[in-house]
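Asks:
Numbering (the working numbering), first residue to last: 2 to 688.
1) Taking the C-alpha atoms as reference points, what is the distance between residue 343 and residue 144?
2) I want to know whether the segment 235-242 touches the segment 276-284 - three or more CB-CB distances under 8 Å.
3) Excluding the five sequence neighbours on either side, which residues of its own chain have a C-beta within less than 7 Å of the C-beta of residue 142, listed in chain order?
4) Can you check DSSP and say which residues form a bridge with residue 140?
5) Can you pull the DSSP bridge partners for residue 438?
6) Use the C-beta contact count for residue 249: other C-beta atoms within 10 angstroms, 16 or more gives buried, fewer gives exposed.
7) Can you confirm whether the segment 368-375 touches the segment 148-155 when touching is taken to mean that 3 or more C-beta pairs between the two stretches lie within less than 8 Å?
8) Can you tell me whether DSSP reads residue 614 as helix, strand or coil?
9) CB-CB under 6 Å to residue 128, same chain, minus the five flanking residues each way: which ones, in chain order?
10) Which of the three DSSP states, helix, strand or coil, is assigned to residue 285?
11) Comparing C-alpha positions only, which one of 340, 485 and 93 sits nearest to residue 470?
12) Excluding the five sequence neighbours on either side, which residues of its own chain have a C-beta within less than 6 Å of the C-beta of residue 49, listed in chain order?
13) Ignoring anything shorter than 3 residues or poking outside the segment 191-272, list the beta strand (DSSP E) runs there in chain order.
14) Counting Cβ pairs, one atom from each stretch, are 3 or more of them under 8 Å apart for the segment 476-488 and the segment 504-511?
15) Just to confirm the assignment, what range does the alpha helix (DSSP H) spanning residue 689 have?
16) With a CB to CB cut of under 7 Å and the five nearest residues on each side skipped, what residues in its chain are close to residue 299?
17) Nearest by alpha-carbon distance to residue 637: which of 133, 660, 278 and 579 is it?
18) At what residue ranges does the segment 511-588 contain a whole run of the beta strand (DSSP E), taking only runs of 3 or more?
19) What whole-angstrom Cβ distance do residue 325 and residue 251 have, given they're in contact under 8 Å?
20) Would you kindly work out how many angstroms separate the C-alpha atoms of residue 529 and residue 496, rounded to a whole number?
21) State the DSSP-derived secondary structure class of residue 86, mapped to helix, strand or coil.
22) Do the segment 117-134 and the segment 178-188 meet, that is, are 3 or more Cβ pairs less than 8 Å apart?
23) Could you give the distance in angstroms between the alpha-carbon of residue 174 and the alpha-carbon of residue 420?
24) Based on the DSSP secondary-structure assignment, which residues constitute the bridge partners of residue 463?
25) So the candidates are 214, 111 and 157; which of them puts its Cα closest to the Cα of residue 591?
26) As an exercise, report each continuous alpha helix (DSSP H) stretch of at least 4 residues that is fully enclosed by the segment 328-416, in chain order.
27) Using alpha carbons as the reference points, say which of 335, 488, 485 and 657 lies closest to residue 305.
28) Is the CB-CB distance between residue 319 and residue 350 below 8 Å?
29) Would you kindly work out how many angstroms separate the C-alpha atoms of residue 428 and residue 301, rounded to a whole number?
30) Using the C-alpha atoms, what's the distance from residue 517 back to residue 330?
31) Around the C-beta of residue 52, are 16 or more other C-beta atoms found within 10 angstroms, so that it is buried, or is it exposed?
32) In this structure, does DSSP put residue 594 in helix, strand or coil?
33) Return the residue from the list 489, 462 and 202 that minimises the CA-CA distance to residue 449.
34) Should residue 73 go down as buried or exposed, given a rule of 16 or more other Cβ atoms within 10 Å for buried?
35) Which residues does DSSP list as the beta-bridge partners of residue 325?
36) Using the three-state DSSP reduction, which class does residue 508 fall into: helix, strand or coil?
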């Protein structure tokens, strides 16, 4: 597009354009029928925005001076923009009144800067956006959750109203209209109709060409075998690529909110392939994509029929009673819960644990928190009660909304306004391959963890009648988080890491929830920081920590390898007591919700009962075993004994604050321990 000449739309083939539109609209009758059925069941205000903005307005008008000041500022800036735009139209250069930030990719087309009309439109939008943000940010009298919710949905409104989202105000779209004689609008309408049809009246924007990928063919191709399955998961053992392997096997527990093959998209960026190449015997849990028959499946079932059974199988396959484990996102939350359960039962088979972008402390859940309050949970539970599960598209829509410009509006522009077909992209294929969540599990998870943050409270939650106390987990742990993670904010994961009583390493990588984890060394991207001492103030640590260039993967390998035993002969999948059922990635992962597929009829693989483990010395109950006190693990017990507190009687004789002061004398990292109940517990145990 030239610098001064507007687009010439006179060469449009109006007759062809009209015929194309008419052909597309022939689908409208069926679509409207589908939409009317959907509309009858639709909650038109699922986020309770009407009440939310009424509450905001009631608070805002209590301080009319601030409202007036914001409006005056907007008016003044608008006058400046009017004057400078007039100068630009006359060919006189002038400084912009406001500019987009460097990371804003919406205004990349040259005409947003060069053409006076588009430049004025852009700056008008940016000024109004600034005005609305200031109005929201400066409102007093709102509680924290309400204020964050107002800010979030105001940002989403501003995303939607960007001039780039409208054909008449997007120079790239106008350019394409001239180039194709309007054909882009015809094809864009065709794409929209297909998306509406696929969504049965609701718009489901297709982000990628899903026909370009097939699991096991060009995605998730790392060789391996499914060696076990039950109603909850399939267990995949990957084929070794080294003659010898580390003695301790590695169990990987992915989230069930999405599918495990994010760790195995392509050979060049496959974390699972890389782990195998480092000499690990890798086992991966592939969760079932549940249907309505799983409505009463709870979080406890994921512990007992998930990780615990997988641990049994890994032990029987390898003959090893000690393993390493990795949990990713909610899979890490499940792993942490399971570790506390196993500790209480005297089961110490998992000897080290790694947590990728895992939240344990949900007090600061980030942007996801705006979707979780009593009103929204009640609506969600009512919907899940009817269906037996939360449909994967609901959760996917939530995640997409959190990054609307990248995951909604960019595809809206590309597919509908520019009339382009979605391009093949493996990451977006995985992103669109969402899963369902059982009603009971998802309700429990949101209420007990996100809403009430009970996992951090010793004994507040239980599994199979066993109280969960993370403070008893004393095995070496490594937390890997990323600085731009909007799903599991790194400061929250950092806080959660401090609840364990064993040695903890914390690695902070670059980028976000996915790209920061799936970051192979060969890519030479981003950086990371690492610490073995957790400071009270995460910002203080991050500001002073040295940044190491590249991937954190080798750093983690250097941490886990010394705990993984000597080299032994490589283990081939299907050669032990569990025979190969099918090739990786298995059949559970191939169930797509868009195909109306249900969970398959399960032929469960029998598991031999595992003999009860003999508890180690630290778990043997005795009069002076201080680890029997909730919140004291072996690490703290050893420290107290060094200080001469080697019996319940001595601990019972102390004041809680004196114990706290004693711990703080060893370093600020001990401030996380709550000693309030320790004397009372000690008195009770001392008899």
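Backbone N, C-alpha and C fix where the C-beta goes; we use that ideal spot for every residue, glycine too.
Replies: From the atom records:
1) Per the coordinates, the alpha-carbon of residue 343 lies some 39 Å from the alpha-carbon of residue 144.
2) Yes, they touch.
3) Within the same chain, residue 142 has close Cβ partners 60 and 63.
4) Its beta-bridge partners do not exist; DSSP assigns none.
5) Answer is 391, bridged to residue 438.
6) The residue in question, residue 249, is buried, as its Cβ has 16 or more Cβ neighbours within 10 Å.
7) The segment 148-155 is in contact with the segment 368-375.
8) At residue 614, the pLDDT of 48 sits below 50, so the modelled position is not reliable; the number obtained from the coordinates is stated separately. Assigned with DSSP and collapsed to three states, residue 614 falls in coil, not helix or strand.
9) The beta carbon of residue 128 sits closer than 6 Å to the beta carbons of 78 and 99 from its chain, once the five residues preceding and following it are set aside; these are given in chain order.
10) Three-state DSSP puts residue 285 in a strand.
11) Ranking 340, 485 and 93 by Cα distance to residue 470 puts 340 first.
12) Cβ neighbours of residue 49 beyond the five flanking positions: 376.
13) Here the runs fully enclosed are 225-230, 234-239, 245-247 and 251-254.
14) Taking a cut-off of 8 Å on C-beta distances, the segment 476-488 touches the segment 504-511, as three or more cross pairs fall below it.
15) Outside the shown range of the chain, which is 2 to 688, sits residue 689, and nothing can be said about it.
16) Taken in chain order, the residues that qualify are 441, 442 and 445.
17) When each option's Cα is compared against that of residue 637, the closest is 660.
18) List check, beta strand (DSSP E) in window: 528-532 and 568-570.
19) Taking C-beta atoms under 8 Å as the contact rule, residue 325 and residue 251 qualify, at a distance of about 5 Å.
20) Rounded to the nearest angstrom, the two C-alpha atoms are 18 Å apart.
21) In this structure, residue 86 counts as helix in the three-state DSSP scheme.
22) In short, these stretches do not touch, since the Cβ pair count stays below three.
23) Going by C-alpha positions, residue 174 is about 9 Å away from residue 420.
24) In the DSSP secondary-structure assignment, residue 463 is bridged to 468.
25) Among 214, 111 and 157, the Cα nearest to that of residue 591 is on 214.
26) Restricted to the segment 328-416, the alpha helix (DSSP H) segments that are unbroken, complete and at least 4 residues in length are 331-345, 375-388 and 393-403, listed in chain order.
27) The residue with the shortest Cα to Cα distance from residue 305 is 335.
28) Going by C-beta atoms, residue 319 is not nearer than 8 Å to residue 350.
29) Between residue 428 and residue 301, the C-alpha separation is close to 31 Å.
30) For residue 330 and residue 517, the gap between their C-alpha atoms comes out near 13 Å.
31) The residue in question, residue 52, is exposed, as its Cβ has fewer than 16 Cβ neighbours within 10 Å.
32) It is helical.
33) The residue from 489, 462 and 202 with its alpha-carbon nearest to that of residue 449 is 462.
34) Counting the other CB atoms within 10 Å of its CB gives residue 73 a total below 16, which places it among the exposed residues.
35) Per DSSP, 251 and 353.
36) If DSSP states are grouped into helix, strand and coil, residue 508 belongs with the strands.
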